[in-house]
Each structure stands twice: as C-alpha cells, then as structure tokens.
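Undergrad: Before we start, here is the structure in question, set down as structure tokens.
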Amino acid sequence: MIENSVGVWAFGPAVTRFVPPGYHNEVADEPMTDKTRRVCEGLSDLLEGLEYHYPGEVNEENLAEIQGILKEHGMGLPVVAAGLHPDPTYGKGAFVNPDDKVRRQGIDALKRGVDLCGEAGANFIIWPGAEGYNYTFQRPYAETWRRFVEGVAEVVDHANERDVKVFLEHKNSEPAMKILMQNIGMTLFTIQKVNALGVDTRNLLVNMDWQHLIMNGENLAEYADLLASEHKLGHQHGNDGWGTFDDDNVVGTNFFMQTLELAQTLQDVGYGTEGEILGFDLYPYTEDQVAAVRRAILQWEFIWDLAQKIDRAALREARAGADALAGQRAVYAALGMDDGYEAEVVRRRKEAREGRGGTRT
Numbered sequence: 001m002i003e004n005s006v007g008v009w010a011f012g013p014a015v016t017r018f019v020p021p022g023y024h025n026e027v028a029d030e031p032m033t034d035k036t037r038r039v040c041e042g043l044s045d046l047l048e049g050l051e052y053h054y055p056g057e058v059n060e061e062n063l064a065e066i067q068g069i070l071k072e073h074g075m076g077l078p079v080v081a082a083g084l085h086p087d088p089t090y091g092k093g094a095f096v097n098p099d100d101k102v103r104r105q106g107i108d109a110l111k112r113g114v115d116l117c118g119e120a121g122a123n124f125i126i127w128p129g130a131e132g133y134n135y136t137f138q139r140p141y142a143e144t145w146r147r148f149v150e151g152v153a154e155v156v157d158h159a160n161e162r163d164v165k166v167f168l169e170h171k172n173s174e175p176a177m178k179i180l181m182q183n184i185g186m187t188l189f190t191i192q193k194v195n196a197l198g199v200d201t202r203n204l205l206v207n208m209d210w211q212h213l214i215m216n217g218e219n220l221a222e223y224a225d226l227l228a229s230e231h232k233l234g235h236q237h238g239n240d241g242w243g244t245f246d247d248d249n250v251v252g253t254n255f256f257m258q259t260l261e262l263a264q265t266l267q268d269v270g271y272g273t274e275g276e277i278l279g280f281d282l283y284p285y286t287e288d289q290v291a292a293v294r295r296a297i298l299q300w301e302f303i304w305d306l307a308q309k310i311d312r313a314a315l316r317e318a319r320a321g322a323d324a325l326a327g328q329r330a331v332y333a334a335l336g337m338d339d340g341y342e343a344e345v346v347r348r349r350k351e352a353r354e355g356r357g358g359t360r361t
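Just so we're aligned, residue 1 is where the sequence shown starts under UniProt numbering, counting upward by one.
Printed below as a string of structure tokens:
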C-alpha cells in the first residue's frame, strides 16, 4: 500500500467569505500542537503522516513538538507546503511582487521553509496561488513570468543543496483570479525554464491536486501517465468536487471513473515504489472533520482495490485498438458486471414486457 498523509488544514475553522467565522469556529483558536494530537488520535490507524504550511502551521518554534506528537502515534511529517498566501503582505505575490523588497522577503521566507524541510526530512510544495493577477492591463506578462521563474529557480537551487525535493502544484484561479502556473502544461514550462537557467531540476517534480486538474478539464489518468513518463510525478493531493471550484470534497464522490482510472494508472506506473506518497487535500465545510478524512481514505482504498481487479491484458488489448467499448467492458467486469448480466437484463425486460401485456403500441 502507498503511504498516505493529509493536510492539517482540513481540521481548521473552514472559513469562507460568506461564513467569515468558519463552519468549524469551535477550533478557530486551537493550538497547532493540540490540533495535531486530535488528528493523530482520530486517524493514526489509517494515516501515516500530516502535511503543514510554513510558516503559519509549522515553523521553527513548534517543529520539534509537532514531530514529537507525530512520533508518539507512529506518524511522520513527509511534506511541508509554502504558505505565504494568507499574509496580505503577499497579496500581489511573493515571486512576482512588484516591490523588490517584499519579493526578496518572500523568497527568503520560502528558503527558510526549505531549511525546515531539510531538518525534518520532508519535501516542499510550491503552490503559487497568489502569483498572478486579477485584471487585464495589470501586469507586464513576460516580465512577470521572468520574475516568477527566477524566484522558483532560486528556491529550487537552495533545495538542491539540502537534498529537498520541490513539488510544483498548479491551479487556475484563487486566490489570484488568474494564477500564472494555471495548468500542467505551464507547470512543465516552468520546470523547463528553471532548467534553462542552469538549475538542476531532477528533484523539481509535480504535485497533482486532483480537483485543480478537474477544474481545468484535465483528465487525471492522462496527466499522471504523462508526468510519470517524464519522471516528474512527485506527489498527489487526493480530493474531489463538482468541477467548477476548489471544493476539496471527499475522494470518489463526483469523478469516480476518472479516479478509478487514475488508480489503475498509478498502479501501472509503479507510483509509491520510490517513496512517493498519496496525500489528501480536503476541506470539510459542514462535515465532521475526522470522519470526512476517514471516509476519503476508505473510499480511495476501495477504489484502489477495484483498480487492481481490472484485467490488464483485456485493457491493454482494448487500448491498443482504441476500442472504447472493450475498455469499458474490462472496467465494468471489475465492478461486478459479469458475462451473464446481459442475459439477466434481457430476461427481466422480457418478463416486465409480458407483465404489461405485450409490446407498447
């Protein structure tokens, strides 16, 4: 089984602009150490690790205590994410901030986050949510991209010195209305441009946040397969949603078939065999937080087990001929639709028709 983790932000107050106090205001003032202990006590039987944002959730002051609590429960700290976006200082970005002093302050803060990862044995996620713009005529686009790439390159170069992997995570919108690194293509472009600056990008990989791909109409399995073929598949943030917003709902609740194909693809490319982790990025609004995460883990494990039942020979044959119906037949066989099902449906239809007195006219 692939090791897993969940972002500790799933257990916060669940603030939205329409509910400023948060749906879970009862935990608004909960110290991070207490939150960590609450999560560990509720989920350590299913969960191997917790993820945190730096510096708001984990930092130099609380790292040792958080690690101690995790260790007590047999858990670890595999990933830390850049977390400057809640700070209004970086409302116009860190890498792309027009104020050079603020930009330098932001980049240096992210490098300290990398240092913390080096100490903790964790990897570092860059999700550049504030690196973009809100209006037309707001930014000089090529220059803004140059500043973004150069900033990422500086952090990655710093991470290489500390043997820390960096995972880039794209999203098309929010908090910036137009995020620069808005899709998988632009994420790979960013890696290419960082490499062109002379920075070693072997440990600059991609974190696939499923809902971010779904929002773009990016098929999960397609991009997992593509990234794996380029040796750029670094991490996963599992979730689900309706496809228009970053819902971060429980896995397998909307895009079930895409998630099933993703599971099959991850199995076939050997995801997890080199230490890759399946993280969950969830945001339970009105649900019990621990129960929602538990449900997400269990539904993912169920989908994973279903994917293992898919006849790979039949699937390969179907795909070799681009035979969509044969592919569906292989998948539905794994879901329980056996060869006798068609005959059973025909029999029931016949009986129903006879019960109605014959064929409709």
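Glycine included, C-beta positions come from ideal geometry on N, C-alpha and C.
1) May I ask you to verify whether the region 157 to 174 touches the region 87 to 99, counting CB pairs closer than 8 Å and requiring at least 3?
2) Return the CA-CA distance between isoleucine 179 and proline 140, expressed in angstroms with no decimal places.
3) Under 8 Å, with one C-beta from each stretch per pair, do the region 164 to 175 and the region 109 to 128 reach the 3-pair mark?
4) Below 8 Å between beta carbons: does that hold for lysine 171 and tryptophan 127?
5) Cα-Cα, which of Glu161, Asn219, Ala334, Ala153 is closest to valine 199?
6) I'd like the list of long-range same chain contacts for arginine 294, defined as Cβ closer than 8 Å, with 5 residues on each side in sequence excluded.
7) Could you pull the start and end residues of the beta strand (DSSP E) that asparagine 207 belongs to?
8) Would you kindly report the start and end of the unbroken beta strand (DSSP E) that includes tyrosine 283?
9) Who are the Cβ neighbours of asparagine 25 in its own chain at under 8 Å, not counting the five residues just before and after it?
10) Check for me: the beta strand (DSSP E) holding tyrosine 23 runs from which residue to which?
11) Spatial neighbours of glutamine 289 within its chain, please: C-beta separation below 7 Å, excluding the five flanking residues on both sides.
12) Determine which residues share a DSSP beta bridge with residue 362 and list them.
13) Going by the beta-carbon positions, is the gap between asparagine 134 and proline 78 smaller than 8 Å?
14) How many Å lie between histidine 53 and alanine 221 at the Cα?
15) Exposed or buried, what is histidine 231 when buried is set at 16 or more other beta-carbons lying within 10 Å of its beta-carbon?
16) Across the region 238 to 249 and the region 269 to 287, are there enough close Cβ pairs to call them in contact, namely three or more that are closer than 8 Å?
17) When the Cα of serine 173 is compared with those of Cys40, Asp338, Leu213, which residue comes out closest?
18) Quick one: using the 10 Å Cβ neighbour count with 16 as the cut-off for buried, is tyrosine 341 buried or exposed?
19) Count the other CB atoms, across all protein chains shown, that sit within 10 Å of the CB of residue 362; report buried if there are 16 or more and exposed otherwise.
20) With a Cβ-Cβ cutoff of 8 Å, do valine 58 and valine 80 count as a contact?
21) Need the endpoints of the beta strand (DSSP E) that leucine 168 sits in, please.
22) Look up phenylalanine 137 in the DSSP assignment and say whether it is helix, strand or coil.
23) Please list the terminal residues of the continuous beta strand (DSSP E) segment that includes phenylalanine 124.
24) Could you spell out the range, first to last residue, of the alpha helix (DSSP H) harbouring serine 229?
25) How would you write the range of the beta strand (DSSP E) that alanine 82 sits in, first residue to last?
TA: The answer reads as follows:
1) With fewer than three CB-CB distances shorter than 8 Å, the region 157 to 174 does not count as touching the region 87 to 99.
2) 14 Å
3) yes
4) yes
5) Looking at the Cα atoms, Ala153 is the closest of the given residues.
6) Gly42, Leu43, Leu46
7) 204 to 209
8) Note, tyrosine 283: premise wrong, no beta strand (DSSP E); not H, not E.
9) Pro13
10) Premise fails: tyrosine 23 is in no beta strand (DSSP E) and is neither H nor E.
11) Ala10, Phe11, His24
12) For the chain, the structure presents residues 1 to 361; residue 362 sits outside this window and is missing.
13) no
14) 27 Å
15) Answer is exposed; the Cβ neighbour count stays below 16.
16) yes
17) Leu213
18) exposed
19) Residue 362 cannot be examined here, being either before or after the span of the chain that is shown, 1 to 361.
20) yes
21) 166 to 168
22) coil
23) 123 to 126
24) 220 to 229
25) Alanine 82 -> beta strand (DSSP E) spans 79 to 82.
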